[in-house]
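Trainee:
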Ligand code: TXA
Ligand code: MG
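Residue numbers (the numbering used here): 286 to 626.
#1: Only counting the same chain, and skipping five residues up and downstream in sequence, which positions put a Cβ closer than 6 Å to that of residue 608?
#2: So, is residue 355 buried or exposed, given that buried needs 16 or more other C-beta atoms within 10 angstroms?
#3: Among residues of its own chain, excluding the 5 on either side of residue 388, which ones have a beta-carbon nearer than 8 Å to its beta-carbon?
#4: Does the distance between the C-beta of residue 404 and the nearest non-hydrogen atom of the ligand TXA fall short of 7 Å?
#5: Relative to the alpha-carbon of residue 374, which residue among 485, 288, 614 has its alpha-carbon at the smallest distance?
#6: Which one of 568, 520, 580 has the shortest CA to CA distance from residue 620?
#7: Roughly how many angstroms lie between the CA atoms of residue 403 and residue 537, to the nearest whole one?
#8: On the three-state DSSP scale, how would you describe residue 497?
#9: Just to confirm before moving on: does the CB-CB distance between residue 423 and residue 337 stay below 8 Å?
#10: Starting from the Cα of residue 626, find the closest Cα among 551, 510, 420, 529 and give me that residue.
#11: Given this structure, state the Cα-to-Cα distance separating residue 380 from residue 561, to the nearest angstrom.
#12: If the criterion is Cβ atoms closer than 8 Å, does the pair residue 443 and residue 287 meet it?
#13: Taking 7 Å as the limit between beta carbons, can you name the residues of its chain near residue 301, skipping five residues before and five after?
#14: So, at 8 Å on beta carbons, what are the nonlocal neighbours of residue 331 in its own chain, with the 5 sequence-adjacent residues on each side left out?
#15: How would you call residue 572, buried or exposed, if buried means at least 16 neighbouring beta carbons within 10 angstroms?
#16: Under three-state DSSP, which class holds residue 278?
#17: Could you tell me which residues DSSP pairs with residue 323 in its beta bridges?
#18: Starting from residue 261, trace the beta strand (DSSP E) in both directions and tell me its first and last residue.
#19: In terms of residues, what are the limits of the alpha helix (DSSP H) holding residue 439?
#20: Just checking, does the region 532 to 551 make contact with the region 446 to 461 on the three C-beta pairs under 8 Å criterion?
#21: Identify, in the order they occur along the chain, each residue of the same chain with its Cβ nearer than 8 Å to the Cβ of residue 494, setting aside the five sequence neighbours on each side.
#22: For residue 532 and residue 318, what's the separation of their Cα atoms in angstroms?
#23: Quick one: does residue 525 have its CB under 8 Å from some CB of chain C?
#24: Is residue 461 near the ligand TXA - that is, is its Cβ less than 7 Å away from at least one heavy atom of it?
#25: If we call anything under 8 Å between Cβ atoms a contact, is residue 622 one with residue 578?
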């Protein structure tokens, strides 16, 4: 059985004990929940791969609470770089840098680089500080499924596989951190996330985007990007249009043509349907993509609990945060996307 505990002082002492005994504990972060373990212990890190059923060639992020801890892990952490990082940390940014030998090969999957993040969520940073080790933590879902943004979703995937989940409520952001490769100049975005190219361009003259994120048939530089991801059990169809009426019309048509299917509808508040359905969830306002990123994964999971056959999700414009959201949605849908304009 897996326990769910609130993050009070007594419980955090138990978390510390478990982590230092090489156990895996699910912890909240501002992006998604992570499956945390001692990032300097091969034994602990192997348990993460086992619990998630994660492919052996997909490296993990090491979460740190301060630059002193980070200094032990990477080469090239200059004062100038810290000034750049201070614009985004603590927060939803992961950077790729040259790894020092202290890091077990299980974390990096034998790459010469390592992913580092300094999260903002105070429960996460408290746990890293009290354990005083970097915490290796991938998203706390079973590999291939949508990430978990609350403790109940983590329990669904991890019950019986890990001893403890720390319940820090709903994640503020809801999609994973932006992965930025600092080993190239200009820096390259390997996974889009809450921070966008535009955010980095305020401090850098040029930022590249891994071509695999914008073109089919390229091998992504971030190993995790090549796997099928974020997929609920139900089939997913993404509908994209600037015109809410067109989306509403298309949904009515699909519902009428597929009366034998149980269909979930995940739509913007501005899209007014002229059909009735018990299986409608809100993505929030089309003008508030932060709300969309917050509810997307948990909504997909909720539709699975309702055992729908098909989930129709409204897509958004692929710019800024919308680019990151559509990166996840296209993977959830395995490319099943219809542009109505
Ligand atoms: O928001 C997040 O980043 C969450 C929370 C828990 O921090 N974590 C997360 O971890 O999303 P995960 O393991 O699901 O995704 C990490 C991504 C993977 O795509 C992985 O391939 C990539 O980072 N990555 C890790 N190390 C890398 C490296 N050395 N080079 C390139 N990509 C790397
Ligand atoms: Mg993940």
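The C-beta atom is built at its ideal place from N, Cα and C for all residues, glycine as well.
Mentor: According to the structure shown:
#1: 477
#2: buried
#3: 324, 325, 347, 358, 399
#4: yes
#5: 485
#6: Measuring from the Cα of residue 620, the nearest candidate turns out to be 520.
#7: 45 Å
#8: Looking at residue 497 - three-state DSSP - the assignment turns out to be helix.
#9: yes
#10: 529
#11: So the alpha carbons of these two residues sit roughly 46 Å apart.
#12: yes
#13: 415, 416
#14: 391
#15: exposed
#16: Within the shown structure, residues of the chain are numbered from 286 to 626, placing residue 278 beyond reach of any answer.
#17: 420
#18: Because the chain in this structure spans residues 286 to 626, residue 261 falls outside the shown range and cannot be described.
#19: 436 to 443
#20: Verdict: no, contact absent.
#21: If we look at residue 494 and ignore the five residues flanking it on each side, its Cβ neighbours are 473, 474, 477, 482.
#22: 32 Å
#23: Absent from the structure is chain C; it holds one protein chain and no more.
#24: For residue 461, the distance from the CB to the nearest heavy atom of the ligand TXA is below 7 Å.
#25: no
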